[in-house]
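First up is the structure itself, then whatever we jot down about it.
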Amino acid sequence: SQLAQVLSEFLRSGWSRDTRCSILGGRRSLCVNPSVRRLPTDTQISDQCLFLQRNRSRGKQGCPFHNSVKEQNLCNEILVLMMWNDNSAYQLDIEDLLKTADHTGGCPYYASRRSLPFLQLVLLPYNLILNRSSREALGIDLTVTKAYWYHIEQVVIFDEAHNLLNTLTDIYSPRISLS
């Protein structure tokens, strides 16, 4: 993907050694539940994931990977790998996240979202930034905030910005059905 290419280029820069960075993917790329992953569309994958979460909250069989303890263990392992890898800069791509999830048994989709506050650079599809509900679900706040004694400022860079207008139109245009 283009995000993987951006990460690869970033790793060649001098900034990569001191920056915790990860790619934030969707359920299609991060789901490890075989019964959900094999569904043909992103919408079906998302709906099934949410259905399994509702089941679990009602005391029924849910997704075995969506477990807060396992997800926190995966998040911790991700962050430890990023902070303490002494070979070189360790930046997490989707394949690394899936391998680490294999070891911990946690859901990489939700664990990657738990790691957001600890990352300094997050690479994600821009529809997740542009869509308010997606941004809020991820806990992404683009305003300047004060944390302890310093300001946290975010920089948003849009790759492939020539597609921005079409994406905004898709996100914010009403849908009308004749059926």
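Sequential numbering from 1 applies to the sequence shown in this note's numbering.
Ideal Cβ positions, reconstructed from N, Cα and C, are used throughout, including at glycine.
Quantities reported herein were computed from a predicted structural model and do not represent experimental measurements.
In this structure, the CA atom of Q72 is about 45 Å from the CA atom of L178. Taken in chain order, the whole beta strand (DSSP E) runs of length 3 or more contained in the region 16-73 are 21-23.
Look at the beta carbons and you see the region 15-24 touching the region 103-115: at least three pairs across the two are nearer than 8 Å. The alpha-carbon separation between D102 and I176 amounts to approximately 42 Å.
Under the 8 Å Cβ criterion, the region 43-55 does not count as touching the region 122-133, having fewer than three qualifying pairs. Restricted to the region 79-141, the alpha helix (DSSP H) segments that are unbroken, complete and at least 4 residues in length are 94-104, 108-114, 127-130 and 132-138, listed in chain order. At the C-beta level, V69 and C49 stay beyond 9 Å of one another.
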